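Remember, the numbering used here sits 1470 above the position in the sequence shown when you count from 1. Step one of this worksheet: look at the structure below.
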Amino acid sequence: MGHSRPIDALRQWLTAVRARLPTLSSPAGARSGLLSRVLAPWSISTRLTVAFVSVAALAAAANFIVERGVSFVADITMVTPPASLPAVDKATPLTGTPATTAPPAKTLSADELTRALERFDEAVYSALQSDSIEVQARYRQSIIELDRAAESFMIQTEAFGQHTYMSVPAALRQHKGDAARWIDLSQDRRRLLREYSETLEHMDGRVNASLDGAFKIWGRVVARQSLVQLNTSLSGLRDSFAGAVRTWSTKPEIFQSLTTAEAAFAKSLLDNARSLRRAESDEWFSAMERDFARLVEVRTALVETHQQLTSIGNGFVTQTIRLLARMPKSVAPAEPATGVTNEPHEARPQQADGGAPPIGEHSLVTKPLASPSLSETNAAAEPAEPTSSNRTLVAWISVIVLAVLLWISIATVRSVVIPVRRLIAASEKIAAGEPDTRVARGGIKELDSLAVAFNNMAERLSRAQAVALDAHHHLEEKVAERTRQLQELAEVDPLTGLPNRRHLFTLLNASIDRASRDGRRVGVLFLDVDNFKNINDSIGHSFGDRVLRAIAQRLQAAAQPAGFAARLGGDEFTIIYEGIGGPDDVHAAGEQIIRAFQSPLDIDGRDLIVGVSVGASIYPEHEQNAEALLIAADTALFHTKSLGRGRVSVFTPDLLKGASNQFRIEQDLRRAIERDEFELFFQPEVGIDDLQTQLVEALLRWRTPDGRYVPPGEFLSVAEQSGLIIEISDWVLRTAVRAASQWHHGSWPQARVAVNVSPRQLLDYRFVDRVRELLAEYDLPARCIEIELTESVLQTGPATIEQLHRLRALGLAIALDDFGTGYSSLSSLERLPLTRVKLDRSLIESIDTNTRSRSIVRAIVEMCNGLGLQVTAEGLERAEQFERLLGCKHLSLQGYLLARPAPMEQVFTAMASAAQRAQELVLLSKTNAVASVIKQLPVAAGRASANK
């Protein structure tokens, strides 16, 4: 609004001028159209040039009229000068007659060179931004044009005798050289940025691949903290690099954030080196180190290149300014003009400063005169005084030029202000959410082009917004669909259609609330499918899924109408009964569920019988909330499995106490592994033939912080169930091999150590390789180690037999422990590559009181001797047992009667004590035998009768 009053005043003044000048006036209401049609194709520079030329023409015309007003008005006829004038005879006196007019003087112009230099600089700036073929071709063409313009300019300077511009070619060569170096540095910078980006992408891809390899729990990725920290620092480095690339500045500080991010990444990589090497491998970590070192090298080169670019760019711009400043504006030639006149010097018109007459002064041809006299000629040569008509003419010319200037100025202002206002208004509308807004064309050429570009942008923006809106609506529909699906997945098990674990807690809490208000009970049955793993392993997981769906349908049918079923996960299900009675009713409900599965399931035309085990708990007798009730029912289920499958157990507090004790032992075992609280004791086995120790058995003991030793029977079962047995067994194996190596390379070269191996450890495919590595590490012969296995391990099938053959191939002895307690002992002796059989203590326990036990033991020993197997009788605790075994051959004895387990430093003492004790027992048994014979003699009998 601030421009309205000046513009209105200018419009009123222009209207008055047009009223006086009919040739410039236009119909009312058509002024804007006339201005737009006439001046629309003109740029700002064109309009200002026209205005400047108009003012210059006004000044020249006014000067000319003032100087030559009379002849111009009365005697001068505007005609085209002839091509040539007749030569003037020098002999003829033509005093006062003007000579032939000289041609206009030429000037030294550098316009062509200036334009070529400007085009060259523009081509250089384009080549800095892009290395496309088109840009490079334009750059080479600009060099050719610049060389051509420079050559033309130097030819002109030689013609004009101007030697001050001889250094221009050298300056242009330096300018072109700086441009070429600037372009090369720009290309190097692009190459370094690309290499930095590619290296960064390689590192990011490697880290993302490791993150993708992490396992997922409930949809969340679980990865090592070290990898997550490294990914975070790498993301910061990537963001810093993107910010540095987006920032175009001549200051090197744009790379400071990038350097800081690199330092943070290096610290993260160094701090997590051990974890990353262990989790991802040394090759992965070395690749990350190499890539990061390359990043630092590229960034250093990038900083140097950026500094050189800034220095050369500033020099290039300075050189351009200097070259343009040195270019001549207009230089007249050094030679004098060739035009000669015979009129005296005093009669020639002079300028105010006494210089030569203005150009074009003699370019007007007067009408021919017949024999003019000198006086007439002089009179004609003198300028006349300006008249009123001349003043009027000058005034009119001034008014016309001013009107044109004012017209151009007003039109220029309107052509700039109005389109700019339209563009601003259209921009505000688009920003307000009106993408269909368009700008009316008009105004100066530049703003009209801007309006066209703005309309094209608005059209593309409108199309993009339409596409975005369509995509947004589609996304909203997808989100709504996914929300519905997620809501369903959050409450329903996708495989069986039963309520899932989360929805089960909601339903169970609601049942507990109703039961609390009504004073009723809620029964919770926790069950799983017996031996379901065998179904998956033998028939396949796909068939197992169909079995689970059939089980879910049967459970749902069996639970109705008094309750509902839910799936916790895997083969575990839960049934909730509201309004149930006491423990007897819950037990009866569990029995009903078990009977429901006595009839086969029809799976794809195949009849399949499955069994279930059930544990139950009751609200409010057992627990008060949903989670505690499920834990109680699960505890009862665990008790059911320990008693045998296909049964029902109702929760009691004693069951929870046992489960709590088991959990406590498991936690203590984990701490014992961390604190190295385990020790190995060794118990000698004495040969009955020579009464010497040939073998010691390694026995595990757990030393608690209070100094108490926990026997294996109290914690090995918990270790088996929790999976800690693998780690414990590996420690036992390593410690036993180390002890045997010390004895073998020390005072007992024939040392042999028996090591008990758990079922999980034996079936691990890495076990044989582990034994081989330990033997090689401690330089111990394989004959020094004997592997002891229970009979239950040896009944697992072909995989076990293959492992035993691999151990025998290494040279290790294999003993069958607890022989005589299983059902397939004799078949095991025939099929397995055994070297020793250890008789179970249950057979030795009654050997001195039961003749059948003694006969069985002697038969087993003789059978093993016939098969070439060594035999050990363990659990020897009484001298009578020792006496009954003296008649056996190739038998080893082990038990508290001979020696108790001793720590490593007391093994040799225990061995000597066992040998001594065995000798004493032999002597005692012989003494007992003599006494028995004496008792049976007749003398003794007669003496006995006499004594009576």
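A virtual CB, placed ideally from N, CA and C, is assigned to each residue, including glycine. Computed from a prediction, not measured in an experiment: that's the story for all the values here.
For residue i, report the span of its beta strand (DSSP E) as first-last.
i, result
"Leu2304", "Per DSSP, Leu2304 belongs to no beta strand (DSSP E) and is neither H nor E."
"Arg2076", "Arg2076 to Leu2078"
"Ala2279", "Per DSSP, Ala2279 belongs to no beta strand (DSSP E); it is in the alpha helix (DSSP H), Pro2268 to Leu2280."
"Asn2226", "Val2223 to Asn2226"
"Arg2173", "Thr2163 to Arg2173"
"Thr2122", "No beta strand (DSSP E) holds Thr2122; DSSP gives it neither H nor E."
"Ser1976", "One detail in the question is off: residue 1976 reads as Thr in this sequence, not Ser. Premise fails: Thr1976 lies in the alpha helix (DSSP H), Arg1971 to Asp1988, not in any beta strand (DSSP E)."
"Gln2364", "Leu2361 to Gln2364"
"Tyr2089", "Val2082 to Tyr2089"
"Ile2045", "Glu2042 to Glu2048"
"Leu2368", "That residue, Leu2368, is in no beta strand (DSSP E); it is neither H nor E in DSSP."
Between residue i and residue j, what straight-line distance do the alpha-carbon atoms span, to the nearest angstrom?
i, j, result
"Ser1781", "Arg1651", "11 Å"
"Ile2205", "Phe2013", "Per the sequence shown, the amino acid found at residue 2205 is Thr instead of Ile. Computed Cα separation, rounded: 46 Å."
"Ala2300", "Lys2003", "A small fix is needed here, since residue 2300 is Glu in this sequence, not Ala. C-alpha separation (whole angstroms): 31 Å."
"Leu2356", "Ile2158", "7 Å"
"Thr1729", "Arg1661", "19 Å"
"Leu1777", "Ala1619", "Here the sequence assigns Gln to residue 1777, which means Leu is not the residue at that position. Using only the alpha carbons, I get a separation of about 33 Å."
"Arg2090", "Pro2175", "Strictly speaking, residue 2090 in this sequence is Pro, with Arg absent from that position. Using only the alpha carbons, I get a separation of about 40 Å."
"Ala2098", "Trp2172", "33 Å"
"Ile1925", "Tyr1595", "The amino acid occupying residue 1925 in the given sequence is Asn; Ile does not appear at that position. Looking at the two C-alpha atoms, the distance is approximately 28 Å."
"Val1909", "Ala1928", "9 Å"
"Gly2010", "Ala2106", "30 Å"
"Ala1593", "Arg1610", "9 Å"
"Ala1985", "Phe2034", "15 Å"
"Asp2000", "Arg2115", "7 Å"
"Ile1614", "Met1636", "20 Å"
"Thr2397", "Ala2369", "22 Å"
"Ala2224", "Arg2306", "11 Å"
"Ile2317", "Gln2351", "6 Å"
"Val1691", "Gly1675", "Because the pLDDT of Val1691 is 44, which lies under 50, any placement of that residue in the model is unreliable, and the number read from its coordinates should be weighed accordingly. Rounded to whole angstroms, Val1691 to Gly1675 spans 17 Å at the Cα level."
"Thr2110", "Gly2081", "13 Å"
"Met1624", "Val1883", "43 Å"
"His2214", "Ala2343", "25 Å"
"Arg2037", "Ile2326", "53 Å"
"Gly1689", "Ile1653", "The predicted position of Gly1689 is uncertain, since its pLDDT is 41 and thus under 50; a value taken from the coordinates is nonetheless stated next. When rounded, the distance between both Cα atoms is 52 Å."
Can you give me the Cβ contacts of residue i inside the same chain, cut-off strictly under 8 Å, excluding the 5 residues immediately before and after it?
i, result
"Gln2376", "none"
"Leu1701", "The amino acid at residue 1701 is misidentified as Leu; the sequence shows Asn. Closer than 8 Å at Cβ, skipping near neighbours: Val1677, Asn1678 and Leu1681."
"Val2238", "Gln2273, Arg2276, Leu2277 and Leu2280"
"Leu2245", "Val2207, Pro2251, Ala2252, Ile2255 and Leu2280"
"Arg2024", "Ala2066, Phe2067 and Leu2071"
"His1944", "none"
"Leu1917", "Ser1885, Val1886, Pro1889, Val1890 and Leu1893"
"His1672", "Asp1761"
Which residues bound the alpha helix (DSSP H) around residue i?
i, result
"Asn1784", "Asp1752 to Arg1796"
"Gly2216", "Segment: none, Gly2216 is in no alpha helix (DSSP H) and carries neither H nor E."
"Glu1916", "Lys1915 to Glu1961"
"Gln1726", "Gln1726 to Asp1741"
"Thr1627", "Ile1603 to Phe1630"
"Gly2052", "No alpha helix (DSSP H) contains Gly2052, which DSSP labels as neither H nor E."
Considering only residues of the same chain and omitting the five flanking positions on each side of residue i, which have a CB-CB separation below 7 Å?
i, result
"Leu2274", "Ile2284, Leu2302 and Pro2303"
"Ser2112", "none"
"Glu1816", "Low confidence applies here, because Glu1816 scores a pLDDT of 36, under 50, leaving its location unreliable; read the following figure in that light. Excluding sequence neighbours, Glu1816 sits near nothing in its chain."
"Asp2104", "Phe1996 and Gly2085"
"Ile2079", "Pro2070"
Assuming residue i contacts residue j under a Cβ cut-off of 8 Å, what Cβ separation, rounded to an integer in Å, is found between them?
i, j, result
"Met1797", "Ala1580", "4 Å"
"Ile2135", "Phe2185", "6 Å"
"Leu2309", "Ala2269", "At roughly 27 Å, the Cβ-Cβ gap does not stay under 8 Å, so Leu2309 and Ala2269 are not in contact."
"Ile2063", "Ile2045", "7 Å"
For residue i, which residues of its own chain have a beta-carbon under 6 Å away from its beta-carbon, when the five flanking residues on both sides are left out?
i, result
"Thr2260", "Asp2287 and Asp2288"
"His2057", "Val2118 and Val2120"
Got a sec: does the ligand ZN put a non-hydrogen atom nearer than 6 Å to the Cβ of residue i?
i, result
"Ala2372", "In the structure shown, the ligand ZN is absent, as is every other ligand, since no ligand is present at all."
Check whether the stretch 1746-1755 touches the stretch 1641-1649, counting contact only when three or more Cβ pairs, one atom from each stretch, lie closer than 8 Å.
They do not touch, by the three-pair rule.
Measuring CB atoms only, is the stretch 1950-1968 touching the stretch 2073-2091, in the sense that at least three cross pairs come out at less than 8 Å?
Contact fails: fewer than three Cβ-Cβ distances are below 8 Å.
For the structure I just gave you, are there three or more beta carbon pairs, one from the stretch 2183-2201 and one from the stretch 2139-2149, closer than 8 Å?
Enough Cβ pairs lie closer than 8 Å, so yes.
Could you say if the stretch 1763-1779 and the stretch 1601-1613 meet the contact criterion of at least three C-beta pairs nearer than 8 Å?
No, the stretch 1763-1779 is not in contact with the stretch 1601-1613.
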